[in-house]
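> Dropping a structure here in structure tokens format, bear with me for questions.
Residue numbers (the working numbering): 336 to 828.
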């Protein structure tokens with residue numbers, strides 16, 4: 336057996352080898368939904384069973400061709416590219432086979448990842464997480480006028496009929512070259528192994544995909560901090576059908592839960608629980624609501640919390656059982672309409688924003704989200720120090736939220752539907768932990784508002800078990816949307 340460090344080339348197929356699952360449907364569904372919309376996704380779900388049946392009877396290429404056409408025809412190249420960059424990597428990582436990833440990483444020579452997916456869909460993930468030097472070999476999509484036609488480009492001469500991935504690899508290597516090592520999993524022997532001199536198993540043959548363990552998050556080559564898309568779980572066909580059947584009831588539940596937010600806090604909390612919305616609160620060192628009612632403060636309390644969804648201030652108000660005012664940089668008219676608490680817009684001018692927040696604090700409690708944008712993963716973005724300059728005391732507030740079907744935040748989607756989607760989850764949950772108040776006037780010598788902001792960030796991170804980062808709102812929008820996010824219609828309390 337050749338030394339793995341001396342071999343000049345190694346090749347592995349993405350589906351079924353690097354990824355535990357060999358199915359392509361979830362990734363085409365994500366493209367159809369995020370780049371094309373729910374109607375296109377529903378159409379793909381409807382035609383997929385028939386395409387599989389016809390493919391088994393006539394041509395193995397047929398399901399791939401149908402899914403490619405339905406999911407991409409007429410879409411802009413920029414929209415599909417954005418989904419490949421911001422949405423698909425999260426689902427690839429969740430299905431990445433640890434043994435295969437380590438086997439590919441050990442090889443220092445020329446490396447190829449072969450996929451039956453269009454190259455455009457897999458390349459951002461492979462280059463970002465498997466190595467910038469890894470060559471992605473896949474089919475190409477036809478483009479006319481900046482939009483996809485939904486058809487695949489003609490295979491190169493000499494391609495084996497019915498196996499486009501093999502043809503693409505042959506085109507890359509040249510007719511007379513072979514790959515030194517081909518990685519495969521169990522009995523999964525893709526056709527491209529025909530051009531591999533040696534085959535190596537990355538999974539035991541008796542190990543079923545359902546028992547495979549994906550690569551642990553701690554071993555990710557890069558931390559997954561930002562991603563986009565509405566769906567929480569991998570959209571397999573049965574999962575998609577379940578979501579489709581749930582949507583009518585989910586919309587009804589969402590509207591009901593939104594209306595309950597306008598009831599008195601105690602009643603709203605109880606009735607929300609009856610609909611499956613779980614809210615857990617821990618006040619810690621904060622003033623109890625009952626005491627607050629009989630004690631009039633000269634100024635309101637300033638709550639600084641990490642940002643999970645647009646509903647963070649609303650849930651905090653419910654837990655405190657008193658009104659708080661939320662500050663935002665931009666908020667859709669619909670979100671303002673359905674907000675049961677006061678909202679105040681900031682201007683991104685530091686002096687004016689400081690004056691606005693000071694004025695609001697003189698009237699009552701105020702909640703700010705110094706991260707400036709939401710983060711879905713267990714990380715905290717850098718805290719803007721402005722909040723530490725406007726009040727003598729700051730109350731750090733740790734927030735966690737989640738749901739089983741839909742994310743309650745988005746970058747490229749319709750942000751005015753964020754709260755609606757979050758409340759459409761069968762059993763959404765929120766956890767609010769109000770921590771001990773921090774005195775901003777008793778800073779040590781040389782300590783700045785930035786130091787205090789970092790201290791509050793660490794307090795919240797330690798409470799939640801989240802990792803503190805120096806990443807910002809601008810970093811998030813650059814990574815996901817390709818712009819600074821200044822003009823994006825996003826809420827940034």
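Backbone N, C-alpha and C fix where the C-beta goes; we use that ideal spot for every residue, glycine too.
Computed from a predicted model, the values in this text were never measured in an experiment.
Can you grab the Cα-Cα spacing for the pair residue 823 / residue 816, in whole Å?
Looking up residue 823 in the chain shown gives position 488. Looking up residue 816 in the chain shown gives position 481. Note on residue 823: pLDDT 44, under 50, position unreliable in the model; the coordinate value appears next. Their backbone Cα atoms lie some 10 angstroms apart in a straight line.
> Give the straight-line distance between the Cα atoms of residue 667 and residue 754, rounded to the nearest whole angstrom.
Position 332 of the chain shown holds residue 667. Position 419 of the chain shown holds residue 754. The alpha-carbon atoms of residue 667 and residue 754 are separated by roughly 11 angstroms.
> Hey, how far is the Cα of residue 393 from the Cα of residue 386?
Here residue 393 refers to the residue found at position 58 of the chain shown. Here residue 386 refers to the residue found at position 51 of the chain shown. Between residue 393 and residue 386, the C-alpha separation is close to 10 angstroms.
> Run the CB neighbour count on residue 698, radius 10 Å, all protein chains shown included, and call it buried at 16 or more, exposed below.
By one-based count along the chain shown, residue 698 stands at place 363. Residue 698 is exposed by the Cβ-count criterion.
> Taking Cβ to Cβ, would you say residue 343 is nearer than 9 angstroms to residue 444?
Here the question's residue 343 lines up with position 8 in the chain shown. Here the question's residue 444 lines up with position 109 in the chain shown. In this structure, residue 444 lies closer than 9 angstroms to residue 343 by Cβ.
> Please report how far the alpha carbon of residue 629 lies from the alpha carbon of residue 636, in whole angstroms.
For the purposes of this step, residue 629 is identified with residue 294 of the chain shown, where counting begins at 1. For the purposes of this step, residue 636 is identified with residue 301 of the chain shown, where counting begins at 1. Its pLDDT being 41, under 50, residue 629 is placed unreliably in this model, and the value from its coordinates should be taken loosely. Their Cα atoms are separated by approximately 15 angstroms.
> Roughly how many angstroms separate the alpha carbons of residue 491 and residue 519, rounded to a whole number?
Taking the first residue of the chain shown as 1, we reach residue 491 at position 156. Taking the first residue of the chain shown as 1, we reach residue 519 at position 184. With a pLDDT of only 43 at residue 491, under 50, the local geometry of the prediction cannot be trusted, and the value read off the model is given with reservation. Residue 491 and residue 519: Cα-Cα distance of roughly 25 angstroms.
> Round the Cβ separation of residue 702 and residue 638 to the nearest angstrom and send it over; I've been treating them as touching at under 8 angstroms.
Along the chain shown, read from residue 1 onward, the residue named residue 702 stands at position 367. Along the chain shown, read from residue 1 onward, the residue named residue 638 stands at position 303. Yes, residue 702 and residue 638 are in contact; Cβ-Cβ is about 4 angstroms, under 8 angstroms.
> Alpha carbon to alpha carbon, what distance is there between residue 566 and residue 763?
For the purposes of this step, residue 763 is taken as residue 428 along the chain shown, with counting starting at 1. For the purposes of this step, residue 566 is taken as residue 231 along the chain shown, with counting starting at 1. In a straight line, the C-alpha of residue 763 is about 14 angstroms away from that of residue 566.
> I need the boundaries of the alpha helix (DSSP H) containing residue 765, first residue and last residue.
As a first step, residue 765 must be located in the chain shown, where it is residue number 430. Careful: residue 765 lies outside any alpha helix (DSSP H), inside the beta strand (DSSP E) at 764-769.
> Please state whether the Cβ-Cβ distance between residue 718 and residue 706 is less than 9 angstroms.
What you label residue 718 is simply residue 383 of the chain shown in a count that begins at 1. What you label residue 706 is simply residue 371 of the chain shown in a count that begins at 1. In contact: residue 718 and residue 706 (Cβ atoms closer than 9 angstroms).
> On the DSSP letters alone, give me the boundaries of the alpha helix (DSSP H) that residue 585 sits inside.
Counting from one through the chain shown, the residue named residue 585 turns up at place 250. Per DSSP, residue 585 belongs to the alpha helix (DSSP H) from 572-595.
> Closer than 7 angstroms by C-beta to residue 625: which residues in its own chain qualify, once you throw out the five before and the five after it? Chain order, please.
Taking the chain shown and counting its residues from 1, one reaches residue 625 at position 290. Confidence in residue 625 is poor, its pLDDT being 39 and thus under 50, which makes the residue's placement unreliable; the coordinate value appears in the next sentence. Cβ within range, chain order: n/a, list empty.
> Jot down the residue ranges of each uninterrupted alpha helix (DSSP H) in the stretch 341-381, minimum 4 residues, whole runs only, in chain order.
Counting only runs of 4 or more, we get 360-366.
> To the nearest angstrom, report how far apart residue 408 and residue 515 are at their CA atoms.
The residue labelled residue 408 in the question sits at position 73 within the chain shown. The residue labelled residue 515 in the question sits at position 180 within the chain shown. About 37 angstroms.
> Going by DSSP, name the residue or residues bridged to residue 753.
In the chain shown, the residue the question calls residue 753 occupies position 418. None; residue 753 has no bridge partner.
> With three or more beta-carbon pairs closer than 8 angstroms as the criterion, would you say the stretch 581-590 touches the stretch 660-679?
With a cut-off of 8 angstroms, the stretch 660-679 and the stretch 581-590 do not count as touching, because too few Cβ pairs lie within range.
> Does the beta-carbon distance from residue 349 to residue 419 come in below 9 angstroms?
Within the chain shown, numbered from 1, the residue matching residue 349 stands at position 14. Within the chain shown, numbered from 1, the residue matching residue 419 stands at position 84. It is not a contact, given that the beta carbons lie outside the stated cut-off.
> Kindly indicate which residue of 714, 818, 740 and 752 has the alpha-carbon position closest to the one of residue 795.
As a first step, residue 795 is located in the chain shown; it is residue number 460 there, counting from the start. Comparing Cα positions, the closest option is 714.
> Please confirm whether residue 354 and residue 468 have their CB atoms less than 9 angstroms apart.
Here residue 354 corresponds to residue number 19 of the chain shown, with the count starting at 1. Here residue 468 corresponds to residue number 133 of the chain shown, with the count starting at 1. Against a cut-off of 9 angstroms, the Cβ pair of residue 468 and residue 354 comes out as no contact.
> Less than 8 angstroms between the CB atoms is what I'm expecting for residue 538 and residue 434, so what's the real figure, rounded?
Taking the chain shown and counting its residues from 1, the one referred to as residue 538 is at position 203. Taking the chain shown and counting its residues from 1, the one referred to as residue 434 is at position 99. Contact holds; Cβ gap of about 6 angstroms.
> Please report the residue range of the alpha helix (DSSP H) in which residue 797 lies.
Reading the chain shown from its first residue, position 462 is the one you call residue 797. Residues 784-799.
> Quick one: any contact between the stretch 597-614 and the stretch 646-659, if contact means 3 or more CB pairs under 8 angstroms?
With the cut-off at 8 angstroms, the stretch 597-614 and the stretch 646-659 touch.
> Could you tell me if residue 802 is buried or exposed, where buried requires 16 or more neighbouring beta carbons within 10 angstroms of its beta carbon?
Locating residue 802 in the chain shown gives position 467, counting from the first residue. Its Cβ having fewer than 16 others within 10 Å, residue 802 is exposed.
> Could you tell me whether the Cβ atoms of residue 397 and residue 389 are closer together than 9 angstroms?
Taking the chain shown and counting its residues from 1, the one referred to as residue 397 is at position 62. Taking the chain shown and counting its residues from 1, the one referred to as residue 389 is at position 54. Result yes, Cβ atoms of residue 397 and residue 389 sit closer than 9 angstroms.
> Report, in whole angstroms, the separation of the C-beta atoms of residue 716 and residue 806, which I expect to be a contact under 8 angstroms.
What you label residue 716 is simply residue 381 of the chain shown in a count that begins at 1. What you label residue 806 is simply residue 471 of the chain shown in a count that begins at 1. Going by Cβ atoms, the distance from residue 716 to residue 806 rounds to 5 angstroms, so yes, they are a contact pair.
> What runs of the beta strand (DSSP E), each 3 residues or longer, lie entirely inside the stretch 668-710?
Those beta strand (DSSP E) runs which fall completely within the stretch 668-710 and span 3+ residues are 678-680 and 701-703.
> I'd like to know whether the C-beta atoms of residue 378 and residue 367 end up nearer to each other than 9 angstroms.
As a first step, residue 378 must be located in the chain shown, where it is residue number 43. As a first step, residue 367 must be located in the chain shown, where it is residue number 32. Cβ distance < 9 angstroms, so residue 378 and residue 367 count as in contact.
> The beta strand (DSSP E) with residue 713 in it runs from where to where?
Within the chain shown, residue 713 is the residue found at index 378, counting from 1. Element bounds for residue 713: n/a, residue is neither H nor E.
> Which stretch, first to last residue, makes up the beta strand (DSSP E) that contains residue 734?
Locating residue 734 in the chain shown gives position 399, counting from the first residue. 728-737 is the span of the beta strand (DSSP E), which, as asked, contains residue 734.
> For residue 808, does the count of other Cβ atoms within 10 angstroms reach 16, so buried, or fall short, so exposed?
The residue you call residue 808 lines up with position 473 of the chain shown. Counting Cβ neighbours within 10 Å, residue 808 comes out buried, since at least 16 surround it.
> Is it buried or exposed for residue 556, if we count other Cβ within 10 angstroms and need 16 for buried?
To locate residue 556, count along the chain shown from 1; it is residue 221. Counting Cβ neighbours within 10 Å, residue 556 comes out exposed, since fewer than 16 surround it.
> Just checking my contact of residue 428 with residue 399 at CB under 8 angstroms: how many whole Å lie between their CB atoms?
By one-based count along the chain shown, residue 428 stands at place 93. By one-based count along the chain shown, residue 399 stands at place 64. The Cβ separation is near 23 angstroms, so there is no contact.
> Taking all protein chains shown into account, decide if residue 497 is buried (16 or more other Cβ within 10 angstroms of its Cβ) or exposed.
The count along the chain shown starts at 1 and reaches residue 497 at position 162. Its pLDDT being 43, under 50, residue 497 is placed unreliably by the model, and the measurement read from it follows with that caveat. Residue 497 is exposed by the Cβ-count criterion.
> Using the Cα positions of residue 484 and residue 412, report the straight-line distance between them to the nearest angstrom.
As a first step, residue 484 is located in the chain shown; it is residue number 149 there, counting from the start. As a first step, residue 412 is located in the chain shown; it is residue number 77 there, counting from the start. Cα-Cα distance, rounded: 10 angstroms.
> Measuring alpha carbon to alpha carbon, tell me which of 395, 405, 414 and 403 ends up nearest residue 369.
By 1-based counting over the chain shown, the position of residue 369 is 34. Of 395, 405, 414 and 403, the residue nearest in Cα terms is 414.
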